[in-house]
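J.: Counting from 1, one number per residue, gives the positions in the sequence shown under the UniProt record's numbering. Using N, Cα and C, we set each Cβ at its ideal position, and we do this for glycine too. No experiment lies behind these values; they were computed from the predicted model shown.
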Amino acid sequence: MSDDIEWIDEEAGPVVRPYALTGGRTSTSSGAFDLLSMVVATGSAVAASSHLGSEHRKLLGLMRRTRPIVEIASDARLPIGVIRVLLGDLLDQGLILVRSPLPAATAPAESLLQEVISGLRAL
Numbered sequence: 001m002s003d004d005i006e007w008i009d010e011e012a013g014p015v016v017r018p019y020a021l022t023g024g025r026t027s028t029s030s031g032a033f034d035l036l037s038m039v040v041a042t043g044s045a046v047a048a049s050s051h052l053g054s055e056h057r058k059l060l061g062l063m064r065r066t067r068p069i070v071e072i073a074s075d076a077r078l079p080i081g082v083i084r085v086l087l088g089d090l091l092d093q094g095l096i097l098v099r100s101p102l103p104a105a106t107a108p109a110e111s112l113l114q115e116v117i118s119g120l121r122a123l
């Protein structure tokens with residue numbers, strides 16, 4: 001077998017299938033992540049004994065500031081299911097912090113809306 005085998009296709013990207021990146025796993029031990037959950041790297045050093053692949057390290061580089069999971073998946077160009085599994089690995093090792101999305105704002109009181117409408121009509 002030749003040593004000059006090309007493992008990356010310029011147009012298609014890496015030849016590795018998404019399930020290979022996760023070792024065939026489809027869920028995490030840390031539970032499910034919401035698409036809008038905010039994630040940031042803790043800045044902790046990666047232990048030499050950790051079994052993190054290049055995709056894990058790539059994700060850590062994308063999380064230098066707090067970002068939603070869906071944005072990280074877009075930038076990494078990986079399916080959201082794969083991102084969830086890889087982020088679960090990072091969370092298990094204490095390398096990221098995850099914050100649930102903020103709850104949707106409650107609707108303003110009807111009286112406030114009536115005051116706004118009255119003010120607009122007065123203009």
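1) CB residue 141 to CB glycine 81, shorter than 8 Å?
2) Expressed to the nearest angstrom, what Euclidean distance is found between the alpha-carbon atoms of phenylalanine 33 and glycine 119?
3) Hey, would you say serine 37 sits closer than 8 Å to serine 100, going by beta carbons?
4) Using the Cα positions of arginine 84 and serine 111, report the straight-line distance between them to the nearest angstrom.
5) So, with DSSP's three-state summary, where would you put methionine 1?
T.: If we stick to the structure as given:
1) Missing from the structure shown is residue 141; the chain here goes from 1 to 123 and no further.
2) 43 Å
3) Yes; because the gap between Cβ atoms is below 8 Å, this pair is in contact.
4) The alpha-carbon of arginine 84 is positioned some 43 Å away from that of serine 111.
5) With a pLDDT of only 45 at methionine 1, under 50, the local geometry of the prediction cannot be trusted, and the value read off the model is given with reservation. Coil.
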